[in-house]
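Below: the structure, in structure tokens.
Protein chains: 2
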Amino acid sequence: MAKVKEISRRQFVASALTTATLASLPIDHLFAGAMPNQSASAAAPMSAPSWKDQGIENLTKSPHAKLRNIPVHAVTIKSGFWAQRREINVDKSIPSMHDLLEANGRMNNFRRLAGKSSAAQSGPVYSDSDVYKWIEAAGFALQSGDRPELRATTEKMIEEIVAVQEPSGYLNTYYVDAHKPERMLTKTQTTGHELYNIGHMLQGAIAYYRATGDRRLLDAGIRFADDFLMSSYGPVPKQPIVAGHPEIELALIELYRITGDRRQLDLAGYILQGDARMKLAEERTVYMFSGTPFTARTKLEGHAVRAMYACCGATDYYMETGDPAYWTTINALWNDMTATKMYVTGGVGSRSDGEAFGNAYELPNDRAYGESCAAIGNMMWNWRMLAATGEARFTDVIERALYNGINSGMSLDGTLYCYRNPLAFDPATGEKIRNPWYDTTCCPPNLERTFASLPGYFYSTSSDGIYLHFYDNSELDWRLENGVGLKVTQKTNYPWDGKVEITVTPAQASNFTFYLRIAGWADSAQVSVNGKVVTGAKPGEYLAIKRQWSSGDTIHLQMEMPVQVLEANPQVADDTGRVAIQRGPLVYCLEEIDQPEGVSITDLAASPGAKPETQFQSEFKSDLLGGVVVLRHTGIAYDQAASRNGLYSRYNSKQLQSRKVPLTLIPYYAWSNRQQTAMQVWTPVVKT
Amino acid sequence: MAKVKEISRRQFVASALTTATLASLPIDHLFAGAMPNQSASAAAPMSAPSWKDQGIENLTKSPHAKLRNIPVHAVTIKSGFWAQRREINVDKSIPSMHDLLEANGRMNNFRRLAGKSSAAQSGPVYSDSDVYKWIEAAGFALQSGDRPELRATTEKMIEEIVAVQEPSGYLNTYYVDAHKPERMLTKTQTTGHELYNIGHMLQGAIAYYRATGDRRLLDAGIRFADDFLMSSYGPVPKQPIVAGHPEIELALIELYRITGDRRQLDLAGYILQGDARMKLAEERTVYMFSGTPFTARTKLEGHAVRAMYACCGATDYYMETGDPAYWTTINALWNDMTATKMYVTGGVGSRSDGEAFGNAYELPNDRAYGESCAAIGNMMWNWRMLAATGEARFTDVIERALYNGINSGMSLDGTLYCYRNPLAFDPATGEKIRNPWYDTTCCPPNLERTFASLPGYFYSTSSDGIYLHFYDNSELDWRLENGVGLKVTQKTNYPWDGKVEITVTPAQASNFTFYLRIAGWADSAQVSVNGKVVTGAKPGEYLAIKRQWSSGDTIHLQMEMPVQVLEANPQVADDTGRVAIQRGPLVYCLEEIDQPEGVSITDLAASPGAKPETQFQSEFKSDLLGGVVVLRHTGIAYDQAASRNGLYSRYNSKQLQSRKVPLTLIPYYAWSNRQQTAMQVWTPVVKT
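Sequences listed follow chains A and B, in order. So that you can map any letter, position 618 of the first sequence is 617 in numbering that gives the first Met the number 0, and since no number is skipped, the others follow by simple counting. So that you can map any letter, position 573 of the second sequence is 572 in numbering that gives the first Met the number 0, and since no number is skipped, the others follow by simple counting.
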């Protein structure tokens with residue numbers, strides 16, 4: 000197994016071959032012939048997809064995955080909600096971030112090692128990863144269609160990167176020169192992000208490979224993994240490893256899904272379990288969410304992005320091995336998160352201090368951290384849980400995070416980014432929430448790779464049919480797992496409307512199940528096929544429509560999309576006496592700029608009354624924030640600004656005078672795209 | 000002026016004289032003859048009090064102080080609320096803290112420099128201050144009456160301290176040996192606490208001097224100030240100073256009040272204004288609350304203890320100089336604090352991060368920092384504001400902090416301390432809230448010195464009479480400013496009852512005003528003198544009773560003490576939909592241990608209804624927590640523990656089932672004195 004892979008890798012000395020040559024070489028075919036078969040119960044192996052037909056994750060051989068990804072190129076998102084975002088992403092965000100990476104010396108870090116730049120090393124120890132994440136964004140963008148300029152830019156960057164890989168396989172622009180002796184020391188492993196950088200390099204390499212067939216960066220990653228890492232590090236008698244920032248685990252497993260080299264999977268498993276030889280302080284293993292056995296964990300804690308990436312790696316490991324201890328742990332952690340630690344926006348990581356998960360129900364609003372990267376990690380993890388199970392509760396979490404806590408992370412014009420995504424904000428604090436650049440610029444390219452990869456999340460295949468996960472005007476052109484070609488067209492005004500018309504066009508009339516997601520937020524849903532009602536649609540589940548599908552069959556899905564007034568569990572102290580407003584998948588907020596002049600947002604209260612859904616009116620405003628449905632509500636404002644009253648007063652004895660005022664709510668993701676004013680998601684309800 | 004003082008100081012070479020000799024020397028007399036007279040409008044100078052008749056602050060010559068302190072020994076607190084606390088303080092807390100300081104090497108730090116210990120330096124850079132604060136606690140305790148053993152212990156410590164003062168006047172156990180070159184570097188000044196340590200040394204020295212007349216530590220402090228500090232540091236052309244942690248300012252001014260050496264006052268003023276030569280980062284000057292002109296500040300921010308001590312120093316400076324810019328700033332800061340940044344417990348400093356003030360209305364409950372030292376600093380500052388003005392609003396803040404946010408800082412048995420004083424607590428977080436020792440052990444001796452000094456806060460004199468600030472069974476034996484002897488006896492069950500009987504016994508029938516504080520928490524109050532009603536009592540003001548007082552005149556004060564249900568300003572997001580319960584000066588809390596078994600405290604809500612004060616019943620429990628009034632209330636508990644419901648649900652659509660349950664509230668100060676269970680001050684009100 001390893002031998003086959005090693006031969007294949009050695010055939011491709013990156014600098015000696017052109018992209019075109021590389022793309023034509025039969026690596027996946029080699030792998031297909033050597034596929035592992037750990038599970039007797041796994042479905043018969045399909046033929047391995049070529050590089051261009053691999054999805055975000057290549058689960059074609061994963062014995063414990065129920066669903067399999069479709070390639071990004073198989074779905075074209077047409078005009079609509081995500082098309083707008085994705086166009087800006089590829090036209091503005093990705094190019095401008097490239098320029099900023101250059102302007103901030105991140106590529107010169109590589110050039111310096113090749114003697115082509117005299118600039119000093121720039122940025123934190125994880126700066127290489129920002130370049131790699133950008134390459135991954137470019138790779139996903141190119142999977143949706145060639146863009147010669149973007150491809151040329153990326154190719155040049157890759158050339159400059161692989162040029163400075165050391166003969167040993169080592170590649171890092173920080174641990175060189177004076178820092179070289181620090182490589183892979185225990186302290187460096189816990190804080191130095193060497194393997195984190197390489198994890199992102201592998202992910203970038205894989206996305207670019209799947210876009211272009213170009214293996215140069217991928218092979219550099221394999222050289223690092225094989226020649227440098229696995230030759231000297233791992234279980235006894237090798238030197239121990241700890242993932243100071245989990246990331247290498249999921250990257251190694253995705254690499255294994257390409258190479259078939261079982262050692263890569265095993266190494267990921269070894270890292271997930273930690274190595275006792277490291278003798279790490281408990282505080283550190285909590286923070287890193289690594290270094291102790293993953294399967295001994297009982298709750299989410301520590302650095303939120305680290306925890307989410309660790310959960311991604313663990314779920315990938317489960318899908319390959321079926322290890323029940325992993326499954327038990329992953330589910331316990333998921334329950335812990337969704338029952339006690341996730342914002343209504345899908346954001347996670349309450350604490351700025353340590354960018355960390357808080358205690359159960361610790362969900363502050365203005366002080367919320369909710370790092371963009373953590374919400375993305377949450378989406379990535381739930382994507383893996385969905386693949387493992389086919390259960391819609393995971394899709395609901397993805398949608399919540401995607402439309403809200405992730406989508407808020409990039410400005411509508413695609414050039415400014417949130418690092419943290421609070422649920423309440425007061426500009427008087429002096430904080431600037433959206434910025435073009437952060438010295439730790441992890442979030443911007445993470446958002447870019449996510450939006451670029453979005454088509455790959457719309458559908459999955461299963462052994463018995465196809466799953467539709469997300470709604471937007473789009474066309475799928477792919478095939479069922481039995482090889483029958485399948486096109487699916489969605490027409491919708493989602494997320495502004497819950498109506499979706501779906502045309503199913505198999506290449507030939509065919510019996511299979513169409514799994515239609517009924518969103519968890521829906522109160523109810525009606526489904527018909529060719530005008531005939533299909534019963535059984537339950538919000539938060541996939542409706543399995545098993546029939547013979549013929550060209551032109553049409554599904555009508557209508558999900559009721561009333562305004563929903565939410566309250567939090569009484570245990571969430573920060574939300575006591577407050578409500579959040581949601582419509583469809585979108586969480587709404589109040590921005591001061593939209594409210595009556597002179598009224599401070601903290602002097603307002605909502606008045607949902609006994610029939611809350613009747614107290615909010617929807618109105619589509621095409622000229623506002625790129626076109627959004629705003630909500631109108633008659634709330635109250637205190638006549639005398641609350642800030643001019645005392646700090647504490649007698650309950651009920653001095654009821655504040657108030658008047659009715661028209662309030663306007665906008666989708667949370669669109670906040671702070673005009674003048675930066677005060678904002679809140681959780682609004683007090685007026686005392687009755 | 001300075002010359003007189005210098006001569007007087009040089010007469011007392013600490014190690015050459017006995018305590019008895021020192022006490023008999025006429026230092027204060029020398030000073031009295033050389034008193035500064037900066038204000039033409041100041042009252043005619045009184046004769047300077049001897050060391051033993053000086054109060055917590057010696058304001059006898061302070062031209063802009065309206066009130067003057069009485070000495071601690073002038074008030075004897077009899078059996079009752081504070082007597083119990085103070086007895087434990089002197090019998091248990093002070094001795095056990097001495098043993099812990101020893102056990103943790105804090106005295107060995109001094110002995111090592113004398114060659115009498117081979118132990119390595121122990122503790123953080125500010126460890127000397129903990130010893131000095133303990134000496135201050137001992138000094139105040141000894142002001143209430145001699146305790147030979149405590150005195151001998153303290154004297155021995157002082158001997159060991161002064162023995163290692165360097166000939167230059169320098170004294171510090173950290174910046175020696177290898178750290179010696181770091182002395183007074185800019186970095187050391189901003190973080191090294193050299194002057195903070197000396198500030199506490201001076202305060203300790205002054206308290207001990209006022210207890211015993213022993214000047215040895217005081218003279219060591221003067222040597223540091225004169226020989227080391229002022230000879231080389233100060234305005235151009237000397238080296239610049241910054242108070243990395245304000246403390247030296249108020250200490251220097253109190254020193255000035257003993258020595259009359261104007262240079263000490265001027266140096267405090269110089270430090271309060273900062274020295275631009277230091278070129279400090281804004282972040283640092285915000286955190287330190289120093290390094291930029293105090294009079295340019297507009298809000299409380301940064302490290303709360305630093306800010307409070309800086310405000311103390313600034314108010315002291317105002318009382319000596321009358322500088323109107325100081326008065327304007329101090330009042331702006333006071334308004335900022337009391338209107339937007341003070342907990343209902345009188346605690347300040349919301350943020351653990353930086354132990355800092357938060358933004359306006361940022362008052363989290365479970366994450367509240369509310370460091371004991373900061374609440375003490377708040378009390379100290381308001382004591383100075385009260386002295387400057389005679390206004391009861393400052394007394395109200397002192398009382399709120401003292402009975403709640405300070406009093407909570409020490410366990411009832413006097414051996415465990417809170418560093419932070421949260422307003423909600425969940426033991427599941429694993430935090431242990433009360434501990435015998437902290438490596439940064441600033442709070443424990445700070446609490447000890449506060450309780451030990453308490454009699455000195457009960458009364459003040461003014462040019463026209465006497466002010467009664469605090470109520471407890473007690474006897475005052477002092478004199479009016481005109482020299483007429485005055486005894487005042489209080490009989491009360493305060494704070495459990497709002498009735499106080501006050502007997503006024505002047506040495507001779509005398510016309511003066513008795514300023515009786517009507518507590519701000521009172522709804523109303525009735526006052527009579529010898530059975531005859533005195534009108535005009537207003538809560539939150541001093542009632543001026545001007546008459547001829549004769550021996551045995553009796554004031555009856557009756558303040559209504561209903562249970563009060565408080566709500567916070569709507570701007571306090573953390574208290575939305577919640578109420579706090581207060582009775583008299585005491586804030587109450589719910590501890591899980593007192594509630595029906597099996598009910599989680601976060602599953603409870605209060606049901607104050609339309610007439611909240613009728614919904615709580617008071618009951619004195621002599622066997623509980625040293626004897627407390629508990630409050631009984633019929634609230635609700637959710638039938639299904641909230642934690643088992645989802646994180647978010649529809650408002651009103653899924654009203655949680657609840658049942659009525661009997662709730663019991665205890666005074667906040669007494670929390671966590673049994674098994675550590677969940678606690679909260681701000682309790683949700685049930686939706687009606």
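C-beta: ideal position from N, C-alpha, C; glycine also.
Member of the options whose CA lies at the smallest distance from the CA of residue i
| i | options | result |
| --- | --- | --- |
| Tyr667 of chain A | A:Gln489, A:Val503, A:Val343, A:Lys77 | A:Val343 |
| Ile252 of chain B | B:His244, B:Thr440, B:Gln263 | B:Gln263 |
| Leu201 of chain B | B:Val571, B:Tyr131, B:Asp90, B:Phe511 | B:Tyr131 |
| Phe513 of chain B | B:Leu485, B:Thr491, B:Gly497 | B:Leu485 |
| Thr189 of chain A | A:Gln53, A:Gly138, A:Glu282 | A:Glu282 |
| Pro569 of chain A | B:Asn108, B:Leu216, B:Asp638, B:Ala373 | B:Asp638 |
| Leu401 of chain A | A:Pro48, A:Arg84, A:Ala64, A:Gln53 | A:Arg84 |
Supposed close pair residue i, residue j - CB separation, criterion 8 Å
| i | j | result |
| --- | --- | --- |
| Gln308 of chain B | Glu390 of chain B | The question names Gln, yet the displayed sequence has Tyr at residue 308 of chain B. About 22 Å separates the two Cβ atoms, so there is no contact after all. |
| Pro505 of chain B | Val564 of chain B | So it is not a contact: roughly 42 Å between Cβ atoms. |
| Trp681 of chain A | Ala423 of chain A | 7 Å |
| Gln489 of chain B | Tyr470 of chain B | 6 Å |
| Trp520 of chain A | Leu99 of chain A | The pair is not a contact, with the Cβ atoms about 36 Å apart (cut-off 8 Å). |
| Lys610 of chain A | Ile635 of chain A | Actually they do not touch by this definition, with Cβ atoms about 17 Å apart. |
| Gly243 of chain A | Gly191 of chain A | 6 Å |
| Ala567 of chain A | Leu646 of chain B | 7 Å |
Boundaries (first-last residue) of the beta strand (DSSP E) holding residue i
| i | result |
| --- | --- |
| Gln674 of chain A | Careful: Gln674 of chain A lies outside any beta strand (DSSP E) and carries neither H nor E. |
| Leu401 of chain B | It is not in any beta strand (DSSP E) - Leu401 of chain B carries neither H nor E in the DSSP assignment. |
| Leu589 of chain B | 585-590 |
| Leu662 of chain A | 657-666 |
| Gln188 of chain B | Note, Gln188 of chain B: premise wrong, no beta strand (DSSP E); alpha helix (DSSP H) at 185-190. |
| Gln581 of chain B | 577-582 |
Where the alpha helix (DSSP H) through residue i begins and ends
| i | result |
| --- | --- |
| Glu154 of chain A | 147-161 |
| Cys204 of chain A | What sits at residue 204 of chain A in the sequence shown is Ala, not Cys. Per DSSP, Ala204 of chain A belongs to the alpha helix (DSSP H) from 193-211. |
| Trp133 of chain A | 126-142 |
| Pro323 of chain A | 323-339 |
| Ala306 of chain B | 303-320 |
Beta carbon proximity, residue i to chain E, threshold 7 Å
| i | result |
| --- | --- |
| Thr428 of chain B | The displayed structure is made up of protein chains A and B, and chain E is not among them. |
Please go through the stretch 414-489 of chain A and give each complete alpha helix (DSSP H) segment of 4 or more residues, from N-terminal end onward.
-> 442-452
Evaluate the contact criterion for the stretch 339-353 of chain B versus the stretch 203-213 of chain B: three or more CB pairs, one atom per stretch, below 8 Å.
-> no
Any chance the stretch 225-240 of chain A sits against the stretch 163-171 of chain A, with 3 or more Cβ pairs inside 8 Å?
-> yes
Enumerated in chain order, which unbroken segments of the beta strand (DSSP E) with a length of 3 residues or greater are wholly contained in the stretch 596-647 of chain A?
-> 615-620, 627-637
Enumerated in chain order, which unbroken segments of the alpha helix (DSSP H) with a length of 4 residues or greater are wholly contained in the stretch 38-123 of chain B?
-> 80-87, 93-102, 107-112
Within the stretch 490-572 of chain A, note down every full beta strand (DSSP E) run reaching 3 residues or more, in order along the chain.
-> 498-505, 509-517, 524-528, 531-533, 540-548, 552-558, 562-567
For the stretch 443-456 of chain B against the stretch 65-85 of chain B, are there 3 or more C-beta pairs whose distance is under 8 Å?
-> yes
Three-pair Cβ contact test at 8 Å for the stretch 355-369 of chain A versus the stretch 418-433 of chain A = yes
With a cut-off of 8 Å, do at least 3 Cβ pairs link the stretch 139-158 of chain A to the stretch 175-189 of chain A?
-> no
Do the stretch 573-581 of chain A and the stretch 575-587 of chain B touch if we need at least three Cβ pairs shorter than 8 Å?
-> yes
Unbroken alpha helix (DSSP H) runs of length 4 or more, entirely within the stretch 216-294 of chain A: which are they?
-> 247-258, 261-272, 281-287
Kindly confirm or deny that the stretch 85-94 of chain B and the stretch 279-293 of chain B touch, where touching means at least three C-beta pairs closer than 8 Å.
-> no
Can you find at least 3 beta carbon pairs, one from the stretch 526-539 of chain A and one from the stretch 590-608 of chain A, that sit closer than 8 Å?
-> no
Is there contact here, the stretch 539-554 of chain B with the stretch 610-628 of chain A, by at least three beta-carbon pairs under 8 Å?
-> no
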